[in-house]
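J.: Provided herewith is a single structure, encoded as structure tokens, for subsequent inquiry.
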Amino acid sequence: MTFDDLPAVLAIEESTFPLDAWSEGMLRGELADQPRTRHYVVATVAGKIVGYAGLAAAGDQADVQTIAVLAEHQGTGIGGALLTELLAEAGRRSVDAVFLEVRADNPQARAVYDHYGFERIGVRRGYYDDGTDAIMMVRKLNG
């Protein structure tokens, strides 16, 4: 992902996460840390950005910062492809464990993370701006 991708990414962000969308400034801050501690990618279909994802990595741990796919492209494997790229980058950075939070009321995303070997490790009560809980998950990459 580059700064030039931000208009399309922001549109996806706002449509996917209407209650707690990241601002342009937040996304710019994330991109400014590439490649030192961040890895952001976009998915395209017919030349149009339809999804994006980001990873933060430091030391032997990483966090999936975000994954979003336009509603009309969900269920097509794009989210899984984005997650696969984030996990591959974590491996390239010799990360031992990848963490994430997922909305408790998002069974589709939770099923994707389950499929990719993430395990539930806890709950963050009222984590999201609307009071929804976050399920904390981890996937070990080494050992």
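Every number in my numbering is 998 more than the matching position in the sequence shown, counting from 1. All C-beta atoms, glycine included, are put in the ideal place defined by N, C-alpha and C.
Taking the straight line between their C-alpha atoms, what separation do you get for Leu1172 and Leu1085?
T.: Only positions 999 to 1141 of the chain appear in the structure, and residue 1172 is not among them; the question remains open.
J.: When you compare only the Cα positions, how much space is there between Val1136 and Lys1046?
T.: In the sequence shown, residue 1136 corresponds to position 138, counting from 1. In the sequence shown, residue 1046 corresponds to position 48, counting from 1. Their backbone Cα atoms lie some 31 Å apart in a straight line.
J.: What are the partner residues of Asp1094, as DSSP defines its beta bridges?
T.: For the purposes of this step, residue 1094 is taken as residue 96 along the sequence shown, with counting starting at 1. DSSP lists no partner for Asp1094.
J.: Between the Cα of Phe1015 and the Cα atoms of Gln1059, Asp1058, Met999, Thr1064, which residue gives the shortest distance?
T.: The count along the sequence shown starts at 1 and reaches residue 1015 at position 17. Minimum Cα distance to Phe1015 is reached at Thr1064.
J.: Considering Cα atoms alone, identify which of Gly1049, Gly1078, Arg1091, Thr1035 is closest to Val1067.
T.: Within the sequence shown, the letter at position 69 stands for residue 1067. If we check each option's Cα against that of Val1067, Gly1049 comes out closest.
J.: Which value, in whole angstroms, describes the spacing of the CA atoms of Thr1130 and Thr1074?
T.: Numbered from 1 along the sequence shown, position 132 holds the residue referred to as residue 1130. Numbered from 1 along the sequence shown, position 76 holds the residue referred to as residue 1074. Distance between the alpha carbons of Thr1130 and Thr1074 is about 26 Å.
J.: Could you give the distance in angstroms between the alpha-carbon of Ala1060 and the alpha-carbon of Ala1044?
T.: Taking the first residue of the sequence shown as position 1, residue 1060 is located at position 62. Taking the first residue of the sequence shown as position 1, residue 1044 is located at position 46. Rounded to the nearest angstrom, the two C-alpha atoms are 31 Å apart.
J.: State the DSSP-derived secondary structure class of Arg1123, mapped to helix, strand or coil.
T.: On the sequence shown, position 125 is the one that residue 1123 refers to. Look at Arg1123 here: in three-state DSSP terms it is coil, with no helix or strand label.
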